[in-house]
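For reference, the structure is listed below as structure tokens.
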Amino acid sequence: MSEMKIPKHVAIILDGNGRWAKRRGLPRKLGHKAGCEALEQIVEDAARLGIKVLSIYAFSTENWKRTQDEVSALMQLFRYYIPRLRKRCFEGDIKVETIGDMSLFDEDLIRGIDDLKRDTKDFKRMTFVLGLNYGSRDEIRRAAVKLAEKVKAGELEPEAITEEMISQSLDTAVLEYPDPDLLIRTSGEQRLSNFMLWQNAYAEMYFPELLWPDFKKADLVKAVEVYNSRDRRYGGRNEADNG
Ligand code: FPP
């Protein structure tokens, strides 16, 4: 364990809550509830492991298309879990950030999350990033608008736009470590589903078969072990590979 290289930024697509519930003959919302419980524990485990940023896809721009019943169950779960997360964050020295456009959420929820961000802003051990009404294409579109406005105002030449400027215009610009080193998606699905498309350019990807509510600390450790077994080259060449 002590020899392991811990990825600084881990992103997780929590998938399989619905199937977890279905296998038990339960309504989908109970799958999401079990998913929230698993998440609460993993946040603490990730901080203990030494991960510096944990980003999760809590609610996507596409999730509004689910039934009204499921969307409101998810909103109720956010309401219930925000105070619980608050406790975890205070105990664990964990700062909360969000990515995505929260403006479509109910006012009380926005207020609760904004308060959580404000009250944890000086915590240092780990940053917990919640993707809320987040979609990567929407985020990139909003970044493009910001840069286009600078061009329009005569503050920027189009040709002067750099990759760094684009990164700095994304929602993740607020993070100290912007790009995930490791992306995990549970339930065996192997897709990014519009999650951090720009930021995951060089992430190692790991797709365990487990459904999200069953994902435990040992599975996170396993993911870190898999990450350690990978040879990250960022498109370059491994020095040991002279063949
Ligand atoms: C996918 O399962 C999961 C979601 C739609 C996200 C649910 C969100 C959480 C558990 C995190 C809550 C966050 C906070 C801050 C409390 P699915 O319904 O797509 O599963 P399925 O593919 O098996 O149907």
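Per my numbering, the sequence shown runs over residues 836 to 1078. For glycine and all other residues, C-beta sits at the position ideal for the given N, C-alpha and C.
Would you call M1031 buried or exposed, if buried means 16 or more other Cβ atoms sit within 10 Å of its Cβ?
buried
Whole-Å CB distance - F894 paired with L967, under 8 Å assumed:
5 Å
Quick check for students: name the residue ranges of the beta strand (DSSP E) that lie wholly in the segment 1018-1061, counting only runs of 3 or more.
For the segment 1018-1061, whole beta strand (DSSP E) runs of length 3 or above, ordered along the chain, are 1039-1041.
Can you tell me whether E1060 is buried or exposed, with buried defined as 16 or more other CB within 10 angstroms of its CB?
exposed
Extent of the continuous beta strand (DSSP E) run through A893:
V888 to S895
Hey, would you say S1002 sits closer than 7 Å to L982, going by beta carbons?
no
Assuming contact is defined by CB atoms lying nearer than 7 Å, are L1045 and T1007 in contact in what I supplied?
No, they are not a contact pair.
Closest residue to N840 among P1043, D957 and L1017 (Cα-Cα distance):
Note that residue 840 is Lys in the sequence shown, not Asn. Of P1043, D957 and L1017, the residue nearest in Cα terms is L1017.
Report all residues from its chain with a CB closer than 7 Å to the CB of P1013; omit the five preceding and five following residues, and keep chain order.
S1002, T1007 and Q1034
Buried or exposed: which applies to F963, given that a residue is buried once 16 or more other Cβ atoms fall within 10 Å of its Cβ?
buried
Residue range of the beta strand (DSSP E) that K930 falls in?
I929 to I934
Compute the Euclidean distance between the alpha carbons of K887 and V878, then round it to the nearest angstrom.
11 Å
As a quick exercise: from G853, R859 and R883, pick the residue whose alpha carbon is nearest that of G870.
G853
Cβ atoms of R921 and L793: under 7 Å apart, would you say?
Any property of residue 793 remains undetermined from this structure, which presents the chain solely from 836 to 1078.
Quick one: what does DSSP say T1007 is sitting in, helix, strand or coil?
helix
Using only the alpha-carbon positions, how far apart do E1024 and I848 sit?
10 Å
Under the three-state reduction of DSSP, which class applies to Y916: helix, strand or coil?
Here DSSP, grouped into helix, strand and coil, assigns Y916 to helix.
For G966, list the residues DSSP reports as bridge partners.
Y892 and I934
Measure from the alpha carbon of P918 to the alpha carbon of each residue in D949, P1048, M1000 and G885, then state which is nearest.
D949
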